[in-house]
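Worksheet for the structure shown next.
In this note's numbering, the protein residues as written are 27 to 455.
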């Protein structure tokens, strides 16, 4: 009886980077010590992937949609619904939702001084969200507001009521020290005009509640920025897409404490696994994530496991070279444990993909359009690279990946590549 074929996708958010002078013009991935990633690349097939299309600095949501096989240009309706669902708020047709930041607004000048009031917000965020949950909008008594804490400085905001549309802008200026944006319609409809007025009123109500909250009184006394503003970003509504199982034939699970990714997984019919110690930030337990992946993938229920890692992306946004290298090396240790355990399982035959959704260079502090390295291999080949020589690549990093046999391809091709490899890689042995 042939072993059952299973797939693990390890997606390292914000993995790609550019040459950094302080690293002798290496990328953090080139500078990091990653023996297990290198072994996987040496025994597998490699290439460079543009998550959506070349030249596009995409968001994590559209990138994940694309690589899972959902054309974002066809299905995407904003990231707000994903964030809100991932935070635990139910969405129904007609609702709109936002991926939101707690921020610091200078009300007198109208300038958003800091788009992230504080990244270390785990102790304060839930309390502030409770204060905002259920606020009343004086001009819109038929509409309700729900707020739920997500991670770090983020929360999900859902608005429910008649005649709402997601055809509006948000209030986020996208950079620090710029004016708070007034929500505006993106379509010339009465629904869009009404919804934008409602959201501007909601933004003002949020400010009034937060500016009087005791937490912000304490922060000001301590010399910290108050979290007195909620930036309403990426307005979206829930979408109807075929499940991963219907689209690809895989019964799947997702480990992703980041709410926006969890919400996308829910939308795609994936089982969302809660892992103790998996926080979606710098404090996450890589060991706990790795152990959970192995336990669930080795069982009978699942064919496809998706493990999302966020910390590397945070390091890119924080422009922290040392952190990006440190977390890449921690991920490598976790991957080594996964490879060793899966290689001992004789009942199943595993394929492992390691890639990213986008580049987040530490020199830029934001997403960029550089393609990301991609590798597909098997644990047994990483354990003994003499069993398979897929291409000329011997290290997992951006420049080496360009020499890979897969060349450069778009994220929409990833699942087809994976299924083809799972079915046909025997010719490489």
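Here a beta-carbon is modelled for each residue, glycine too, at the ideal position from N, C-alpha and C.
*Pairwise C-alpha distance: residue 82 and residue 396*: 8 Å
*Within the chosen definition, does the region 270-288 reach the region 313-327 through at least 3 CB pairs nearer than 8 Å?*
yes
_Inter-residue Cα distance where the pair is residue 198 and residue 338_ = 24 Å
_Excluding the 5 residues flanking residue 453 on each side, which residues of the same chain have their C-beta closer than 7 Å to its C-beta?_
With a pLDDT of only 40 at residue 453, under the threshold of 50, the placement of this residue in the model should not be trusted; the figure read from the coordinates follows. Excluding residues within five positions, none has a Cβ falling inside 7 Å.
*In chain order, what residues of the same chain lie with their CB nearer than 6 Å to the CB of residue 221, ignoring the 5 residues before and after it?*
Its chain contains 190, 191, 194 as the residues whose beta carbon lies nearer than 6 Å to that of residue 221, once the 5 sequence neighbours on both sides are disregarded; these appear in chain order.
*asked:* Suppose you measure from the CA of residue 455 to the CA of residue 375; what does that come to, to the nearest Å?
replied: Low confidence applies to residue 455: its pLDDT is 41, below 50, so where it sits in the model is not reliable, and the reading given next is rough at best. Those two C-alpha atoms are separated by around 14 Å.
*Could you check where the alpha helix (DSSP H) with residue 153 kicks off and where it finishes?*
151-158
*asked:* Measuring only the C-alpha atoms, how far is residue 178 from residue 413?
replied: 44 Å
*Quick one: complete alpha helix (DSSP H) runs, 4+ long, within the region 330-365?*
337-343
_Taking DSSP's pairing of strands, which residues face residue 401 in a bridge?_
72, 380
*Can you tell me whether DSSP reads residue 223 as helix, strand or coil?*
In the three-state DSSP reduction, residue 223 falls in the helix class (H, G or I).
*Alpha-carbon to alpha-carbon, residue 256 and residue 125*: Straight-line Cα distance between these residues: approximately 10 Å.
*Taking the DSSP output, what are the residues bridged to residue 181?*
126, 175
*asked:* Once the 5 residues before and after residue 429 are set aside, which same chain residues still bring their CB inside 6 Å of it?
replied: 418, 419
*If we call anything under 8 Å between Cβ atoms a contact, is residue 423 one with residue 59?*
no
*residue 132 bridges to which residues according to DSSP?*
137
_Proximal residues to residue 427 (C-beta, below 7 Å), its chain only, five neighbours per side dropped_ = Only 72, 73, 74, 399, 400, 419 meet the Cβ criterion.
*Would you mind stating whether residue 44 and residue 389 have Cβ atoms separated by less than 8 Å?*
Result yes, Cβ atoms of residue 44 and residue 389 sit closer than 8 Å.
*Rounded to a whole number of angstroms, what is the C-alpha to C-alpha distance between residue 34 and residue 441?*
12 Å
_Which of helix, strand or coil DSSP assigns to residue 186_ = strand
*Comparing the C-beta of residue 104 with each C-beta of chain B, is any distance below 8 Å?*
In the structure shown, chain B does not exist; there is a single protein chain.
*Going by C-alpha distance, which of 407, 38, 353, 252 is nearest residue 380?*
38
*Considering only the beta carbon of each residue, do residue 263 and residue 137 sit closer than 8 Å?*
Not closer than 8 Å, so no.
*List the whole-angstrom C-beta distance separating residue 65 from residue 408, where the pair is believed to meet the contact cut-off of C-beta under 8 Å.*
4 Å
_Please report the straight-line C-alpha distance between residue 150 and residue 332, rounded to a whole angstrom._
30 Å
*Buried or exposed for residue 242, please, with buried defined as at least 16 other CB atoms from any protein chain shown within 10 angstroms of its CB.*
buried
*Range of the contiguous alpha helix (DSSP H) that encloses residue 313*: It spans 312-324 - the alpha helix (DSSP H) in which residue 313 sits, taken as one unbroken run.
_Classify residue 104: buried if its beta carbon has 16 or more other beta carbons within 10 angstroms, exposed otherwise._
Flag for residue 104 reads buried.
*Pick helix, strand or coil for residue 453, following the three-state DSSP scheme.*
Note that residue 453 scores a pLDDT of 40, beneath 50, so its modelled location is shaky; the value from the coordinates is reported in the next line. Correct three-state label for residue 453: helix.
_In this structure, how does DSSP classify residue 289 when only helix, strand and coil are distinguished?_
helix
*residue 118: buried (16+ other C-beta within 10 angstroms of its C-beta) or exposed?*
Per the 10 Å Cβ criterion, exposed.
*Three-state secondary structure (DSSP) of residue 374*: Three-state result, residue 374: strand.
*Quick one, which of 384, 349, 305, 132 has its alpha-carbon nearest residue 147's?*
305
*Would residue 309 be called buried (16 or more neighbouring beta carbons within 10 Å of its own) or exposed?*
exposed
*Rank 209, 163, 204, 208 by C-alpha distance to the C-alpha of residue 187 and give the top, closest one.*
163
*Taking the C-alpha atoms as reference points, what is the distance between residue 232 and residue 53?*
For residue 232 and residue 53, the distance between alpha carbons rounds to 41 Å.
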